[in-house]
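Numbered by full-length UniProt numbering, the letters in the sequence shown go through residues 1 to 360 in order. Working notes, beginning with the structure itself.
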Amino acid sequence: MLKTWKLRLGWTAMGAVLTTVGCFDFDKAQQACEGEGRCFPGDTDAGRPDAGYDCTPTRDTDEPDDTFEDSNCDGVDGLAAAGLFVDPASGTEGAAGTKEAPLKTLSEALQRLRDNTGPNRPSFLYLAQGTYPETGLVLDVPVSLHGGYNGAGNWLRNATNITRIQGGAVGLTVRNLPEDAGVVLDRLVVASSEPTTPGTPSIALHVLDSQAVRLRNDTLWAGRGALGQAGATGAQGFDGGVGTAGGNAEGATPGTVPGIAGESNCVGGGYSGGAGKVGTLGGTAGFNGDPGAPNPPFGGDGGTGGPGGQPSGTGRLISCEAASGGEGTPGAPGAGGPVGKGGTGWGSLQGGTWVATHGG
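What follows is the structure, given as structure tokens:
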């Protein structure tokens with residue numbers, strides 16, 4: 001990789017060269033200074049005015065680490081040429097993915113890596129500080145995610161820059177990565193939201209069928225799971241008990257109308273029969289009236305007995321024998337059951353997702 005170093009000769013060395021010759025070759029002087037071990041490419045300017053980025057390379061490789069040093073002086077803690085840059089604040093969709101033109105979303109960066117199957121596919125994603133509100137994120141390509149960069153400007157990195165991935169019910173899914181993928185999730189806050197579908201869990205980081213995924217300086221925030229599923233329908237309630245026997249029927253009342261007296265057609269009158277007796281209790285017919293005076297054949301026959309007594313308020317005799325009561329009506333539905341007990345912590349994997357047991 002071509003590197004262009006700014007000339008930063010030490011002032012002592014520069015003065016020595018200038019006092020020796022009147023005409024100066026900066027390139028040869030730089031090479032000589034480096035060869036003698038008196039200065040290095042990008043040597044610091046000791047606080048003197050300078051328009052460049054002070055850096056002394058110490059090695060060719062520079063994977064992001066906790067020292068935040070730009071060890072190879074390519075302008076970033078990491079290998080700039082081997083990664084894509086993403087900034088949710090200043091990035092642009094469809095951009096080149098460089099420091100100067102970062103992408104805007106992590107989703108686009110991952111898709112670009114899936115589409116690039118060549119030998120020069122980037123191995124790092126450099127994520128600027130800020131929040132990435134993206135749902136359904138799936139990391140299924142061998143690339144490491146490194147957060148903590150300040151983004152637009154100089155892409156310096158420190159522990160105070162927070163890179164937050166805010167996903168849906170699952171914050172981030174890592175899937176189908178072999179052991180030699182060497183994936184690192186570094187300086188990230190991965191958070192999941194609270195689902196609304198009953199019985200659904202909230203998972204910050206979901207790792208499936210993957211090996212040797214390393215987490216470094218990460219924070220995982222899972223939301224609260226959704227409410228449990230509705231309980232099953234309760235068993236049918238017992239039948240209602242047999243109804244109680246009906247009350248006794250009202251008894252018969254004595255007759256109140258006496259028999260009508262018999263009439264005589266004899267001349268002179270006074271030979272009519274006597275009035276019938278009042279009907280007895282129980283509704284029997286009244287006795288016949290006494291014979292008229294004088295005795296027959298001159299007097300009329302006694303009047304016919306009155307009709308049987310009637311029960312008060314009714315027109316017929318009611319049996320005093322109580323009948324059996326009718327069947328009781330079905331019982332009302334049972335009340336709802338009590339709240340189910342909390343889960344025991346046991347569960348099973350169903351479709352790659354942990355499902356807790358229901359009830360205690």
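Ideal Cβ positions, reconstructed from N, Cα and C, are used throughout, including at glycine.
Between residue i and the rest of its own chain, which residues show a CB-CB distance below 6 Å, the 5 nearest in sequence each way excluded?
i, result
"Ser144", "Phe124, Val183 and Val184"
"Val174", "Leu139, Val207, Ser210 and Val213"
"Asp74", "Ala80"
"Arg157", "Phe68, Asp77, Gly148 and Tyr149"
"Thr197", "Ala226"
"Ala181", "Pro142"
"Leu177", "Val183 and Ser210"
"Thr58", "Ser71"
Please go through the same chain and pick out, in chain order, the residues whose beta-carbon is closer than 7 Å to the beta-carbon of residue i, but skip the five residues on each side of it.
i, result
"Gln166", "Thr131, Tyr132, Pro133 and Ala191"
"Gly243", "Gly325, Gly326, Glu327 and Gly328"
"Ala204", "Gly171, Val190, Ala191, Ser192, Leu220, Trp221 and Ala222"
"Arg224", "Glu194 and Ser202"
"residue 361", "It is not possible to answer for residue 361, since the shown part of the chain is limited to 1 through 360."
"Gly199", "Ala226, Gly228 and Gln229"
"Gly334", "Gly234 and Gly237"
"Glu108", "Glu93"
Where does the unbroken alpha helix (DSSP H) through residue i begin, and where does it stop?
i, result
"Asp115", "Leu106 to Asp115"
Could you tell me if residue i is buried or exposed, where buried requires 16 or more neighbouring beta carbons within 10 angstroms of its beta carbon?
i, result
"Pro338", "exposed"
"Lys99", "buried"
"Glu179", "exposed"
"Ser348", "exposed"
"Asp77", "buried"
"Pro119", "exposed"
"Gln129", "buried"
"Asn72", "buried"
"Ala232", "exposed"
"Thr61", "exposed"
"Gly234", "exposed"
"Gly153", "exposed"
"Pro330", "exposed"
Taking only the alpha-carbon atoms, compute the straight-line gap between residue i and residue j and give it to the nearest angstrom.
i, j, result
"Gly336", "Val355", "26 Å"
"Thr163", "Ser90", "14 Å"
"Trp155", "Ala80", "10 Å"
"Thr135", "Glu63", "28 Å"
"Thr353", "Phe85", "32 Å"
"Gly240", "Lys341", "30 Å"
"Tyr126", "Arg216", "15 Å"
"Asp186", "Gly237", "59 Å"
"Ala82", "Leu113", "12 Å"
"Thr160", "Leu188", "12 Å"
"Arg48", "Asp54", "Caution is warranted here: a pLDDT of 42 is assigned to Arg48, below 50, making its placement in the model unreliable, and no coordinate value can be reported."
"Gly168", "Asp218", "18 Å"
"Thr117", "Pro102", "21 Å"
"Asp65", "Gly351", "36 Å"
"Ala95", "Asp70", "24 Å"
How would you write the range of the beta strand (DSSP E) that residue i sits in, first residue to last?
i, result
"Arg216", "Arg214 to Arg216"
"Asp186", "Val184 to Asp186"
"Val189", "Val189 to Ala191"
"Ala204", "Ile203 to Leu208"
"Trp354", "Thr353 to Ala356"
"Gly83", "Gly83 to Val86"
"Thr329", "Thr329 -> no beta strand (DSSP E), and no H or E assigned at all."
"Trp221", "Thr219 to Trp221"
Going along the chain, which residues of its own chain have a beta-carbon closer than 8 Å to the beta-carbon of residue i, five neighbours each way excluded?
i, result
"Thr105", "Val86, Pro88, Gly91, Glu93, Tyr132 and Glu134"
Entirely within the region 130-176 and at least 3 residues each: give me those beta strand (DSSP E) ranges in chain order.
-> For the region 130-176, whole beta strand (DSSP E) runs of length 3 or above, ordered along the chain, are 130-132, 144-149, 163-166 and 170-175.
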